[in-house]
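Novice:
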Amino acid sequence: MRLLLHLVAKDLRRKARAPFAFVAALSFPILFAGMIALAFGGGGKLPKVRLLVANLDEGVVGSAVVSAFGSPRTAGMFETTRVTEAEGRERMERGRASAFLTIPKGFTRDLLDGRPVTLRLVRNPSEGILPEIAAQTAGGLADLLEGARRVLSAPLLRLRPYLEDGIDSAPADADVVAIALEATHAIGGASSLIFPPVITLRSELFGGTEPAAEDKGGTGSQIFLLVLPGVAVYALFLVAENAMRDVLTERTLGTLRRQLAGPLTPGTYIVAKALYTCVLATAAIAVVSLVGWTVLTRPVSLPGFVLVSMALVLAVAGTAAAIYGLAGSERAGATLAGAIFLAMGFLGGGFFRIESLPPGIRSVAPFTPLYWGTQGYRALLEHGATLSGVARYAGVLIAMGVALLGVGMAALHRSARAGTAA
Amino acid sequence: MRRLLRLAVNDVRLTARDRAAALWLLVMPVFLIWLFGSAFGGPRGDRRVALTILDRDGGWLAAALASELDPSAVKLDVRRGPDASPRPPPGAVRWIEIPAGFTEGALAGTQQTLAVEAAKDASAEGTRGAEVVLARAILRTLARAAEMKQSGATLSAAAYERLRARPALVSLEVATAGKGATVPSGVAQSLPGTLTFTVLMMTTIYGAVFLTIEKREGMLRRQLTLPLSRGAIVGGKILGRAFIALLQIALLIAVGKLAFKLDFGASPLGLATLLGAYTFAVAGFATLAGAVLANPEQASIVGWLASMVMAALGGCWWPSEVMPGWLRSASHVFPTSWAMDGLHSLISFGRGFEAVVLPSAVLVGFGALFSLAAAARLRA
Numbered sequence: 001m002r003l004l005l006h007l008v009a010k011d012l013r014r015k016a017r018a019p020f021a022f023v024a025a026l027s028f029p030i031l032f033a034g035m036i037a038l039a040f041g042g043g044g045k046l047p048k049v050r051l052l053v054a055n056l057d058e059g060v061v062g063s064a065v066v067s068a069f070g071s072p073r074t075a076g077m078f079e080t081t082r083v084t085e086a087e088g089r090e091r092m093e094r095g096r097a098s099a100f101l102t103i104p105k106g107f108t109r110d111l112l113d114g115r116p117v118t119l120r121l122v123r124n125p126s127e128g129i130l131p132e133i134a135a136q137t138a139g140g141l142a143d144l145l146e147g148a149r150r151v152l153s154a155p156l157l158r159l160r161p162y163l164e165d166g167i168d169s170a171p172a173d174a175d176v177v178a179i180a181l182e183a184t185h186a187i188g189g190a191s192s193l194i195f196p197p198v199i200t201l202r203s204e205l206f207g208g209t210e211p212a213a214e215d216k217g218g219t220g221s222q223i224f225l226l227v228l229p230g231v232a233v234y235a236l237f238l239v240a241e242n243a244m245r246d247v248l249t250e251r252t253l254g255t256l257r258r259q260l261a262g263p264l265t266p267g268t269y270i271v272a273k274a275l276y277t278c279v280l281a282t283a284a285i286a287v288v289s290l291v292g293w294t295v296l297t298r299p300v301s302l303p304g305f306v307l308v309s310m311a312l313v314l315a316v317a318g319t320a321a322a323i324y325g326l327a328g329s330e331r332a333g334a335t336l337a338g339a340i341f342l343a344m345g346f347l348g349g350g351f352f353r354i355e356s357l358p359p360g361i362r363s364v365a366p367f368t369p370l371y372w373g374t375q376g377y378r379a380l381l382e383h384g385a386t387l388s389g390v391a392r393y394a395g396v397l398i399a400m401g402v403a404l405l406g407v408g409m410a411a412l413h414r415s416a417r418a419g420t421a422a
Numbered sequence: 001m002r003r004l005l006r007l008a009v010n011d012v013r014l015t016a017r018d019r020a021a022a023l024w025l026l027v028m029p030v031f032l033i034w035l036f037g038s039a040f041g042g043p044r045g046d047r048r049v050a051l052t053i054l055d056r057d058g059g060w061l062a063a064a065l066a067s068e069l070d071p072s073a074v075k076l077d078v079r080r081g082p083d084a085s086p087r088p089p090p091g092a093v094r095w096i097e098i099p100a101g102f103t104e105g106a107l108a109g110t111q112q113t114l115a116v117e118a119a120k121d122a123s124a125e126g127t128r129g130a131e132v133v134l135a136r137a138i139l140r141t142l143a144r145a146a147e148m149k150q151s152g153a154t155l156s157a158a159a160y161e162r163l164r165a166r167p168a169l170v171s172l173e174v175a176t177a178g179k180g181a182t183v184p185s186g187v188a189q190s191l192p193g194t195l196t197f198t199v200l201m202m203t204t205i206y207g208a209v210f211l212t213i214e215k216r217e218g219m220l221r222r223q224l225t226l227p228l229s230r231g232a233i234v235g236g237k238i239l240g241r242a243f244i245a246l247l248q249i250a251l252l253i254a255v256g257k258l259a260f261k262l263d264f265g266a267s268p269l270g271l272a273t274l275l276g277a278y279t280f281a282v283a284g285f286a287t288l289a290g291a292v293l294a295n296p297e298q299a300s301i302v303g304w305l306a307s308m309v310m311a312a313l314g315g316c317w318w319p320s321e322v323m324p325g326w327l328r329s330a331s332h333v334f335p336t337s338w339a340m341d342g343l344h345s346l347i348s349f350g351r352g353f354e355a356v357v358l359p360s361a362v363l364v365g366f367g368a369l370f371s372l373a374a375a376a377r378l379r380a
């Protein structure tokens, strides 16, 4: 036991003398989560849609469409710029806006006359989300105009002559009364359906519900905490890989043979390396957790956190041991580890939240220890899970860890003995 | 020049001898293209959101509402009768329940409130998308029902269908800037970013790790005893890395063209110039990292870290439009942003060679800067 501790202490001292790789691996999740918080932070809102509008219509409906993008409901979403048609086309070709809306000439007149009218929207092909918001909003406006035109057909026809270009006389009192009566009649017939709308949608987007607790504020720190678990678990695999790689590096450099020439068995050496890997992984969790704790806004079950962390330490040490045990050389091990970790990172929800992945990939995720580690931490951070709530995640991690560590240590033991013979 | 080429060929030969390199350089990027493509809607780029209607009403207004949901935006599954009963509905990602008595109640003026519910693992973006589509369907349904009521017509499915069958009075025509091709999605959307990311990552990690191994094993010291200038050795290393990166790029483009039928724009010359310049920048960066870092562990971890940061901020992982304006501008300190700008000009906008002159020039500048720094810092 003393020898074991002595070996672990020696490796830790060595790591402390050259901590670059360890520090870099640890800085990765913090930097990455910080970067995403920076990119998607800003109160959790998307940047405004840069919308160019060319209003070629000179009537009231065209102006109303333009105003709709600056209304209190939409002003927070759009940054609207009035342009000529040529300017709009030129700016779109240079990718200077998300979308370009053209309201055609005679839009008001044609609409009032019952002739089909078309709003034209040009999307920026290098953007995905913002032009879609512009398209959906413009589509909603088109639906609204169509509905209003059809329901208010009679009063609009009566109003039509006064909206003609060049006519600046106001309607006579009698006409105003007639138009108002027509409108009242038109709306009155359907008022039970539309005032207020008899079918409503309850959603955060359209009102009627409070934002979910975790979405309130949507600040950068909350985004940081949403991203951190996945990338931190990924970084833990890198730390473990770095530690376990020592076995093959020492074999290549001949230091393993020298160590085994003393009163040290390959078995003790391998157990010491596994222990060293576990200590490093635990230290890594402690450091990342400390950073996470500084931005934490609600309590997290400490026993649950410790359980998931310890199970994860076992799983990452086991995974690294299995990879280096089965690899023929240091270089092959490093390549294999990199490929496996990267695949796990993407498939297991390390870099993208598992819900955003397609069902096929989601079904593969549970075969990776990274998935169980990430989900365990997410349960603690996002759903307030307790010790019993994370027992399932920890159980799977422990089972995976024990199995992989068994395979890995047996293979590394063989490898270490081969190193002595070499 | 011959010596430079010989050094480069030697570098390629050493890489080719490493069987694991094939996995990294060739198999992994294809896997990532597939993975990113799947996350963005699969090879065909189907971005519709899944939505199940549980029609427990069975009335004509409920059917009318379902028919108003835009089929180009939602993958609709309407369940009626006993199929509409289980809750949550088996296999459904997100769903709307239309309660019994919906049609009768709504026509009598009784408020009906609908909500999109989602399974625990449904994406929040998809659910918001479904809400937008549903809101528009409600608007259309109410407008037609109001029109029927106002005109005194009998409220029925047939009357509703007659109104719906009329040509639209107000429509929205959506086109795409550039050559007007459809907005790339799925693999087409992810390929430029994945290509930029994987070439950077693989070249940096492999280039830097190999160079540090050469330093550790004394191979570089032996090379420096040859009648070659330090600049020539660095040039040879950069050329070797560039060969490998170009091979990787050629493979990814071939896979994109043959397996996914992707369009890489109308300017092969522009594409070659841009990717050639990017290769130079990336190979220079890999050599600089190998020159500066002490051992393979450092090289590997820095390679990971640098490529992930540059890829994410450069717009390879997500559309850069979602980043604040200042960050979008700041991200141009990385070669990835310039490469993505050029690729979008060629592939998304369908522009010609002139669109990649500036990005290519900047990338060559990056490459020259990294190469000079690598030559200055390379020590055996």
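Note that the protein sequences, when read in sequence, are chains A and B. Heads up, the first sequence is in this note's numbering, so the first residue is 1 and it goes up one at a time. Heads up, the second sequence is in this note's numbering, so the first residue is 1 and it goes up one at a time. Heads up, the beta-carbon is just placed ideally off N, CA and C, and yes, glycines get one too.
1. What residues of chain A sit near H344/B, judged by a beta carbon separation below 8 Å?
2. Quick one: is T255/A buried, meaning 16 or more other Cβ sit within 10 Å of its Cβ, or exposed?
3. Under a CB-based cut-off of 8 Å, is G270/B close to chain A?
4. Alpha carbon to alpha carbon, how far is L142/B from L31/A?
5. Check for me: the beta strand (DSSP E) holding N381/B runs from which residue to which?
6. Between which residues of its own chain and T249/A is the CB-CB distance below 7 Å, once the five residues before and five after are set aside?
7. Under 8 Å Cβ-Cβ, which residues of chain A neighbour R136/B?
8. Which residue's Cα is closest to the Cα of A208/B: I301/B, T113/B, E97/B?
9. Can a CB atom of chain A be found closer than 8 Å to the CB of P43/B?
10. At a CB-CB cut-off below 9 Å, which residues of chain B make contact with F20/A?
11. Can you pull the DSSP bridge partners for D55/B?
12. Would you verify that the beta carbon of A213/A is, or is not, closer than 8 Å to some beta carbon of chain B?
13. Assuming V65/A contacts I36/A (C-beta within less than 8 Å), just tell me the rounded distance between them.
14. On the three-pair Cβ rule with 8 Å, is the region 247-259 of chain B touching the region 164-180 of chain B?
15. Just to confirm my understanding: we take V364/A, look at its own chain, exclude 5 residues before and 5 after, and list those with CB closer than 7 Å. What are they?
16. Check whether the region 366-382 of chain A and the region 313-328 of chain A are in contact - that is, three or more C-beta pairs closer than 8 Å.
17. Are any of the Cβ atoms in chain A nearer than 8 Å to that of F264/B?
18. Using a 10 Å radius around the Cβ and a threshold of 16 neighbouring Cβ atoms, would you call Q111/B buried or exposed?
19. Just checking: is the beta-carbon of I361/A within a distance shorter than 8 Å of some beta-carbon in chain B?
20. Using 10 angstroms around the beta-carbon of G395/A, count the other beta-carbons present and answer buried if the total reaches 16, otherwise exposed.
21. Could you list which residues in chain B have their beta carbon closer than 9 Å to that of N242/A, in chain order?
22. On the DSSP letters alone, give me the boundaries of the beta strand (DSSP E) that R120/A sits inside.
23. Using CA atoms only, rank isn't needed, just tell me which of P47/A, A18/A, V313/A, E79/A is closest to A232/A.
24. What number of angstroms, rounded off, separates the C-alpha of G284/B from the C-alpha of V234/B?
25. How far does the beta strand (DSSP E) with Q112/B in it extend, from its first residue to its last?
26. Can you tell which of T277/A, M344/A, V390/A has its C-alpha closest to the C-alpha of K10/A?
27. Kindly provide the ranges of any alpha helix (DSSP H) runs that are 4 or more residues long and lie completely inside the region 78-108 of chain A, ordered along the chain.
28. Checking the sheet assignment: what are the DSSP bridge partners for S171/B?
29. Kindly give me the distance between the Cβ atoms of F69/A and K48/A, rounded to whole angstroms, as I take these residues to be in contact under 8 Å.
30. What residue from T118/A, L101/A, A334/A, A343/A has the CA that sits closest to L51/A's CA?
31. Just the C-alpha distance for F352/A and A337/A, rounded to the nearest angstrom, thanks.
32. Can we say the region 300-314 of chain B touches the region 333-348 of chain B, given the rule of at least three CB pairs closer than 8 Å?
33. Find the residues of chain D that neighbour R202/A, judging by a C-beta separation of less than 8 Å, and give them in chain order.
34. Return yes when the Cβ of Y206/B is within less than 8 Å of the Cβ of A21/B, no when it is not.
35. Who are the Cβ neighbours of A327/A in its own chain at under 6 Å, not counting the five residues just before and after it?
36. For a test of the three-state rule: what should DSSP assign to K261/B, helix, strand or coil?
Specialist: Straight from the coordinates:
1. G95, P125, S126
2. That one is exposed.
3. Residue-level contact check: G270/B does not touch chain A, since none of the beta carbons of chain A fall below 8 Å from its beta carbon.
4. 50 Å
5. As displayed, chain B neither begins before 1 nor continues past 380, which places residue 381/B out of reach and without an answer.
6. E330
7. Q136, G139, G140, D143
8. The shortest Cα separation from A208/B among I301/B, T113/B, E97/B belongs to I301/B.
9. Here the model assigns P43/B a pLDDT of 49, short of 50, so the residue's position is not dependable and the matter cannot be decided.
10. L293, A294, N295, E297, Q298, I301, V302
11. R80/B, I98/B
12. Confidence is the limiting factor: at A213/A the pLDDT is only 46, short of 50, which leaves the residue's position unreliable, though a coordinate-based value still follows. Output row for A213/A: interface = no.
13. About 36 Å separates the two Cβ atoms, so there is no contact after all.
14. no
15. L347
16. yes
17. no
18. exposed
19. yes
20. An exposed status is given to G395/A, since fewer than 16 other beta-carbon atoms sit within 10 Å of its beta-carbon.
21. Those are E297, S300, I301, listed as they occur along chain B.
22. 117-123
23. V313/A
24. 9 Å
25. Start and end: 112-114.
26. Residue T277/A is the option with its Cα nearest to K10/A.
27. 85-93
28. T118/A
29. Actually they are not in contact, since the Cβ atoms of F69/A and K48/A sit about 11 Å apart, beyond 8 Å.
30. Residue L101/A is the option with its Cα nearest to L51/A.
31. 20 Å
32. yes
33. The structure shown has no chain D; the protein chains it does contain are A and B.
34. Here A21/B is near Y206/B, since their CB atoms are less than 8 Å apart.
35. G333, L336
36. Residue state, collapsed to three classes: coil.
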